[in-house]
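Asker:
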Amino acid sequence: MNKGESMRRSELHSPMRRQLIATAAAAMLLGVTGAQAAAGATEWGWPTPYEKVSEESVKWLKNKGWWPIQVAFQAPWSGQNTVNIVMNRMGLLAQRGVDAKWTAFASGPAINEVLISGRYQVGNGGNFPFTTLVDRNIPVKAIAIVSPNLMHALVVPKDSPIKSIKDLKGQKPPATIGLVTGSSAEFYFQMSAQINGIKIGEDVILKNMPPGEQMSMPRGITGVVSWDPSPVMMVEERKNGRIVDSIFPYNIYEGQFYLRNELIENVPDVVQAFTDAFAEATLWTRLNPEKAVTLMIEDPNLKNYSKEILLQQVKAYNNLYKPTHIFPHGEFYGKVNEPIFKWLFAANRITRPLKAADFTAAVDERFMRKTFAKLGWAIPKEPPFLPPGWNGRPDQPPYPDYINVLNTKDPQPFPGTGDLTMPWTFGGRTHQP
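So the sequence shown is numbered by my numbering: it starts at 1383 and just counts up by one.
1. One question on the structure: do residue 1779 and residue 1573 come within less than 8 Å of each other, judged by their Cβ atoms?
2. Quick check: the Cα distance between residue 1605 and residue 1495, rounded to an integer number of angstroms?
3. Contact check, residue 1640 vs residue 1529 under 8 Å by CB: the rounded distance?
4. Can you check whether the CB of residue 1744 is closer than 8 Å to the CB of residue 1524?
5. Find the nearest neighbour of residue 1570 within the set 1719, 1798, 1803, judged by alpha-carbon distance.
6. Between which two residues does the beta strand (DSSP E) containing residue 1639 stretch?
7. From the DSSP output, in three-state form, read off residue 1446 for me.
8. Might you give, ordered along the chain, the residues of its own chain that have their beta carbon closer than 8 Å to the beta carbon of residue 1701, omitting 5 neighbours on each side?
9. Closer than 7 Å by C-beta to residue 1632: which residues in its own chain qualify, once you throw out the five before and the five after it? Chain order, please.
10. Taking just the CA atoms, how far does residue 1451 sit from residue 1809?
11. Could you name the residues that DSSP lists as bridge partners for residue 1456?
12. With distance defined between alpha-carbon atoms, name the residue in 1774, 1600, 1591 nearest to residue 1609.
13. Drop a sphere of 10 angstroms on the beta-carbon of residue 1782, count the other beta-carbons inside from all chains shown, and report buried for 16 or more, exposed for fewer.
14. Using only alpha-carbon positions, find the residue among 1517, 1644, 1680 that is nearest to residue 1503.
15. Just list the residues that DSSP pairs residue 1608 with in beta bridges.
16. At what residues does the alpha helix (DSSP H) containing residue 1474 begin and finish?
17. When you compare the segment 1511 to 1524 with the segment 1610 to 1619, are there three or more beta-carbon pairs, one atom per stretch, that lie closer than 8 Å?
18. Please indicate yes or no: does the CB of residue 1802 lie closer than 7 Å to some heavy atom of the ligand ZN?
19. Closer than 8 Å by C-beta to residue 1802: which residues in its own chain qualify, once you throw out the five before and the five after it? Chain order, please.
20. Using 8 Å as the threshold, is the segment 1650 to 1669 in touch with the segment 1464 to 1479, meaning 3 or more CB pairs across them?
21. Hey, could you find the ends of the beta strand (DSSP E) residue 1621 is sitting in?
22. DSSP three-state call for residue 1628: helix, strand or coil?
23. Which first and last residues belong to the alpha helix (DSSP H) in which residue 1696 is found?
24. So, residue 1532 versus residue 1586, is the Cβ gap smaller than 8 Å?
25. I need the straight-line Cα distance from residue 1729 to residue 1458, nearest angstrom please.
26. Which same chain residues, not among the five before or five after residue 1651, have their C-beta less than 7 Å away from its C-beta?
27. For the putative contact between residue 1707 and residue 1580, defined by C-beta atoms under 8 Å, what is the C-beta separation to the nearest angstrom?
28. The alpha helix (DSSP H) that contains residue 1328, what's its start and end?
29. Whose C-beta lies closer than 6 Å to the C-beta of residue 1558 among residues of the same chain, with five residues either side of it excluded?
30. Tell me which same chain residues have a C-beta within less than 7 Å of the C-beta of residue 1552, skipping the five on either side of it?
31. Could you compute how far the alpha carbon of residue 1755 sits from the alpha carbon of residue 1456?
32. Throw me the rounded Cβ distance for the residue 1623 and residue 1539 pair, which I believe falls under 8 Å.
33. In terms of residues, what are the limits of the beta strand (DSSP E) holding residue 1796?
34. Below 8 Å on the Cβ atoms is my contact criterion, and I expect residue 1611 with residue 1564 to pass it. Report the Cβ-Cβ distance as a whole number of Å.
35. Could you give the distance in angstroms between the alpha-carbon of residue 1861 and the alpha-carbon of residue 1721?
The following block contains the structure:
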């Protein structure tokens, strides 16, 4: 071997060259991994191919008379309406071999009636209606969270002398407040009244009033209590009201996507299909908020809602938080709801003194855990709207500030540090853990 050949061979095996080769190989491998992730997932980040439910499960549902599966949702309930409409119109259950039919209702109590009767097998409920199901031992389990921190607000006429909820104390004659009795709106108002020293029946008279009537702010009432989009429409579009109190200090609101226990016990693959489709609808909406609004406008129940309001609500209640907000933290929300359970029982609104553990037992996290594993998402230790170092206690309102639509407009970035357990592709970009 001559001297020139020896030098060339030495250069080929030098530490620097070996490092360059290793770096290039790693980059190539990373590129292949990203390409594989992109090829094996939808643009909005759901891994493909879709998992189909078994023929045995379909047969069981047909024999039960539950085919198609009946799903009840609330058209005027922001966030929840979007995810249900997207699941339906985008055929996300059909992709998984499930035949499902969605029907819109005006409120949670109306959905409770059809779930209790067995005519519907899947439903959506706010914290008060879901508590009623738990109290009555209706065999249901929550598998996902919908519309966390949905704004509920006390809205008074623009020319009202009322500046805060404390002004309702000592009203003569008693103030008349319109709300949907048995709904999450009453849940919030009762807690707010209790903390602020307002006595129901003495300072305030509650009048059962549907959301549509509330928005007209009828004469003779002091104010109305409703959930979004009604408060925003009254303030921003109709300009016939002012917000003087909101839910956020008194109740960390959560809605439930739930189904009958018989599905979990007999067709768990169908339950998993619902959970997966729920997460996929969340991701599709995150990528396509304007398209989601187009689908919503086609629902006759939303014909009186403008595109601008619907888009604002989608951004506020579907896309504001990290998509991990859908995880059903049973223990956390059980503690959140326990103070209100105490009041409900003392006021004879429920039949037994429910505890946080009763709520936790009505939540089944297993299916969403499997969904997150498919996506490569880490299970969050707590809901993502709680800021780092939040010093509140979920069982002790009033609460210190946390992220909500009144104090935050920009969506939380996702994924962030610790959010992923494996590469995940969204919108054409592959994110690494």
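Here a beta-carbon is modelled for each residue, glycine too, at the ideal position from N, C-alpha and C.
Since we're looking at a predicted model, the values are computed, not measured.
Answerer: So, from the data block:
1. yes
2. 28 Å
3. Their Cβ separation, rounded to whole angstroms, is 14 Å, which puts residue 1640 and residue 1529 out of contact at 8 Å.
4. yes
5. 1719
6. 1637 to 1642
7. helix
8. 1667, 1668, 1671, 1793
9. 1570, 1573, 1574, 1577, 1779, 1780
10. 31 Å
11. 1487
12. 1591
13. exposed
14. 1644
15. 1535
16. Run containing residue 1474: none; DSSP gives neither H nor E here.
17. no
18. Because no ligand of any kind appears in the structure shown, any question about the ligand ZN cannot be addressed here.
19. 1758, 1759, 1760, 1813, 1814, 1815
20. yes
21. Segment: none, residue 1621 is in no beta strand (DSSP E) and carries neither H nor E.
22. strand
23. 1689 to 1699
24. no
25. 28 Å
26. 1435, 1436, 1439
27. About 31 Å separates the two Cβ atoms, so there is no contact after all.
28. Here the chain comprises residues numbered 1383 to 1815, so residue 1328 is not present and cannot be evaluated.
29. 1587, 1589, 1603, 1604
30. 1585
31. 29 Å
32. 6 Å
33. Segment: none, residue 1796 is in no beta strand (DSSP E) and carries neither H nor E.
34. 20 Å between Cβ atoms; not a contact.
35. There is no way to answer for residue 1861, as the model of the chain reaches only from 1383 to 1815.
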